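This report refers to the structure that appears directly beneath it.
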Amino acid sequence: MTYPYRYPLSRFLAGFGVTLTIRIEVLKDSEAGVYVATSPDVNGLVIETESFSQLRDEVTEAIPNLIALNNNSNHHHASADLIYRDHIAIA
């Protein structure tokens, strides 16, 4: 069972082991030669790297810290097991 992080009661359900889903939007800026990750669900997530693998590593490290900071918590023991799904939009 998964539950969106942005929905009410997400922290409560996470305490019972429910997997939370967090939207992460990745953009490749070809002009600058970088990947940029942001999230409408996690305040403060803006990461820019030169490779996608480096971006994944930094997002995995940043998510638990940002969630703790956004919730005024001193608990940084949360873990982030990220599963990436491709959603491609062509405009």
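As numbered in this note's numbering, residues 195 to 285 make up the sequence shown, in order.
No residue lacks a Cβ here, since even glycine has one placed at the ideal position from N, Cα and C.
Here the structure is a predicted model, which means the values were calculated and not measured.
In this chain, the alpha helix (DSSP H) harbouring I257 covers 246-264. Shown here for L276: same chain residues with a beta carbon closer than 6 Å to its own, the five before and five after excluded, namely T254 in chain order. Within the model, the alpha-carbon separation for N237 versus L263 is close to 9 Å. Inter-residue distance for G209 and L203 is about 10 Å (C-alpha atoms, whole angstroms). Between the C-alpha atoms of V240 and V230 there is a straight-line separation of about 7 Å. Looking only at V220, Y197, A226, the smallest Cα-Cα distance to V212 is reached by Y197. Per DSSP, L221 is not a residue of any alpha helix (DSSP H); the beta strand (DSSP E) it occupies stretches across 219-223. Between the C-alpha atoms of A256 and K222 there is a straight-line separation of about 19 Å.
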